[in-house]
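**Q** In this note's numbering, the protein residues as written are 978 to 1408.
Handing you this structure, nothing more for now.
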Ligand code: FES
Ligand SMILES: [Fe+2]
């Protein structure tokens, strides 16, 4: 359980809050590249870390991310006109370029210095790995971009999607770190029918109370969970948690790798961005088609929106007959099942009422690390090491079967790519 005070620290990420300051020490993944408007097209709204922003591309293709409210008298720039190299507020015609500089102020007399002195709040933005990244922290301390594996791959190897989740980011992320639910929430009623194509389904059922081992890393921790699958063997999964809101789970052997980002929209809602990628080859048409349809790694959404098809307000289209006979939940789609359990706890769960067990080790570790980092950053101004050391993010989630007496932290197979290597070692490999 968490005290109400710590729950506040964990869940509030608006400007000036400790968690808000921690998150603003990093670049924030905001939307997919495909969602960024084309040059001179209409701006789009973006709600991020409790702030209202607009995103547009000027005539030269430069991306502008501005506070939504006009610095004159707060009309929304979403309704503005994206004119030649700037966005013009339709209330009194003030115009701002992508840096936020006011470039035209037709309501003031010619020669007035006011235009040159007026700025809309603007945020640095850049595209990488099919994602628009926004920096919302101190403009004098722009950090390096995180060195995630997929950011260095050709566009043909990467697919990114984004959808909304109607609960606090930490609550949504807890579901991903909690490996114990997999043998239940995503299972079938008649387990003899289960899909064993990928072997690991069998492992999840063989032992529903995994052993946990939390190994701290430069950027977060490894949540290792080991299931006894034979008399003298354990199946270990090494999930990644990376500050402030990233998770990686190991892919099934033939599948693409993935990174999920649980980004606060407000305190009661979050964006989920998911990057799936193949380091070794371009993505295939079949897997792309499945992902676009919201299969497995991604979420089914109402076409043209980020709104999921299965939601709390339609009870996730639950099929009670299916729940009786076939699936444990009666809800279609792994991601919809995950969202259902997270969202149904309320927008911000009351963590003082929980009864945490041994299967919640990774959830507890994640909360602890985030709260400690937020307090250090918010109160003492000390940023986590990974904010200035991008190689902390150059890691993978892994899985394997090990002899019972081998600690996962001692396994090269699991650890070689799970722990960040020094920047020097990374450069060696790149040569
Ligand atoms: S409110 Fe935007 S120009 Fe007046
Ligand atoms: Fe899940």
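Where a beta carbon is used, it is the ideal one built from N, C-alpha and C, also for glycine.
(1) Which residue comes first and which comes last in the alpha helix (DSSP H) that contains residue 1161?
(2) Are there 16 or more other CB atoms within 10 angstroms of the CB of residue 1351, so buried, or fewer, so exposed?
(3) Could you tell me the distance, in whole angstroms, from the CA atom of residue 1082 to the CA atom of residue 1070?
(4) Please classify residue 1087: is it buried, with 16 or more other beta-carbons within 10 angstroms of its beta-carbon, or exposed?
(5) In this structure, how does DSSP classify residue 1194 when only helix, strand and coil are distinguished?
(6) Expressed to the nearest angstrom, what Euclidean distance is found between the alpha-carbon atoms of residue 1293 and residue 1306?
(7) Does the beta carbon of residue 1159 fall short of 7 angstroms from some heavy atom of ligand 2?
(8) Which residues in the same chain have their Cβ closer than 8 angstroms to the Cβ of residue 1173, if we skip the five residues on either side of it in sequence?
(9) Just checking residue 1288 against ligand 3 - is the residue's beta carbon closer than 7 angstroms to any of the ligand's heavy atoms?
(10) Residue 1136: beta carbon under 7 angstroms from a heavy atom of ligand 1?
(11) Hey, quick one: how far does the alpha helix (DSSP H) through residue 1260 stretch, first residue to last?
(12) Do residue 1348 and residue 987 have their C-beta atoms closer together than 8 angstroms?
(13) Quick check: what's the CA-CA separation for residue 1094 versus residue 1079?
(14) Find the nearest neighbour of residue 1183 within the set 1190, 1159, 1199, 1191, judged by alpha-carbon distance.
(15) If I measure Cβ to Cβ from residue 1388 and keep anything under 8 angstroms in the same chain, skipping five residues before and after, which residues do I get?
(16) From this set, 1164, 1140, 1342, 1281, which residue's C-alpha is nearest residue 1246's C-alpha?
(17) Report yes if the C-beta distance between residue 1042 and residue 1056 is below 8 angstroms; otherwise report no.
**A** From the atom records:
(1) 1159-1162
(2) buried
(3) 7 angstroms
(4) exposed
(5) coil
(6) Roughly 10 angstroms separates the two Cα atoms.
(7) With a cutoff of 7 angstroms, residue 1159 counts as near ligand 2, since its C-beta is closer than that to a heavy atom of the ligand.
(8) Bear in mind that a pLDDT of 49 at residue 1173, under 50, signals an unreliable position, so the number given afterwards is only what the model happens to contain. Only 1179 meet the Cβ criterion.
(9) Judged by which ligands are present, ligand 3 is missing from the structure shown, whose ligands are ligand 1 and ligand 2.
(10) no
(11) Residue 1260 -> no alpha helix (DSSP H), and no H or E assigned at all.
(12) yes
(13) 8 angstroms
(14) 1159
(15) 1213, 1377, 1379
(16) 1140
(17) Taking 8 angstroms as the Cβ cut-off, residue 1042 and residue 1056 do not qualify as a contacting pair.
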